[in-house]
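The sequence shown runs -27 to -1, 1 to 132 under mature numbering (1 follows the signal peptide of the UniProt record, and there is no 0). Please read the structure below before turning to the comments.
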Amino acid sequence: MRQPAITRWLAGLALGAALALSAAAQAQTATSTPANPPDGAGEATGAGPTAERPLAILRGLDKITARISTIEAPIDSEVRFGTLHMLVRHCEKRPPEEPPETTAFLEIWEQLPDEPRVVWFSGWMFASSPAVSALEHPVYDVWVIDCKTASPESPSGNR
């Protein structure tokens, strides 16, 4: 049975869009600018046998431009993605012998010029279930990907 031409055309269009988004995700990375965390900020603690990591890997989507960025966010250091300010308080990754799960406690806010600070998200994000606790913002999506440590032989922090 032959597929109608429109079905083949739509399938090709969807494949092309997926390839374009994949290439954009690999080509673009967000910049992170360390800053001092707000005063009185405490570190969240998690339960269970997990290892703490000093760096959270996040992924951000700009819904206007359809660009995906990978964001490396050091724990307790503010990073920016577009107009959003993000602060990762804690990041955990289960050991390899347990079911895979990466969780991070994030605070995400927006500070536009001459406007008060608007908090968009404060809580735990789960890599295995990004929809469970997602950032609800009209322009950006942000989700956690992984937690990493700097290599011991590299004091500059290269991974």
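Where is the CB? At the ideal position from N, CA and C, for every residue including glycine.
Strand pairing of residue i, partner residues [DSSP]
i           : result
residue 96  : 79
residue 42  : 33
residue 52  : 59
residue 91  : 83
residue 105 : In the DSSP output, where bridge partners are listed per residue, residue 105 has none listed.
residue 47  : 28
Closest Cα partner of residue i within the set the options
i           : options             : result
residue 109 : 121, 118, 70 and 93 : 93
residue 58  : 32, 80 and 104      : 80
residue 36  : 56, 90 and 87       : 56
residue 62  : 83, 34, 69 and 98   : 98
Segment limits, beta strand (DSSP E) that includes residue i
i           : result
residue 110 : Taken as a continuous stretch (DSSP letters only), residue 110 belongs to no beta strand (DSSP E), as it is neither H nor E.
Straight-line gap, residue i to residue j (C-alpha atoms, nearest Å)
i           : j           : result
residue 96  : residue 114 : 15 Å
residue 65  : residue 120 : 6 Å
residue 47  : residue 39  : 25 Å
residue 30  : residue 49  : 13 Å
residue 77  : residue 44  : 13 Å
residue 75  : residue 117 : 8 Å
residue 88  : residue 101 : 35 Å
residue 71  : residue 86  : 46 Å
residue 32  : residue 42  : 6 Å
residue 27  : residue 73  : 18 Å
residue 112 : residue 122 : 30 Å
residue 69  : residue 91  : 38 Å
residue 15  : residue 51  : Confidence at residue 15 is low in this model, with a pLDDT of 37, below 50, so its placement is unreliable and no value can be given for it.
Residue i: CB within 8 Å of a non-hydrogen atom of the ligand HEM
i          : result
residue 86 : In terms of ligand content, the structure shown is empty, and the ligand HEM therefore cannot be addressed.
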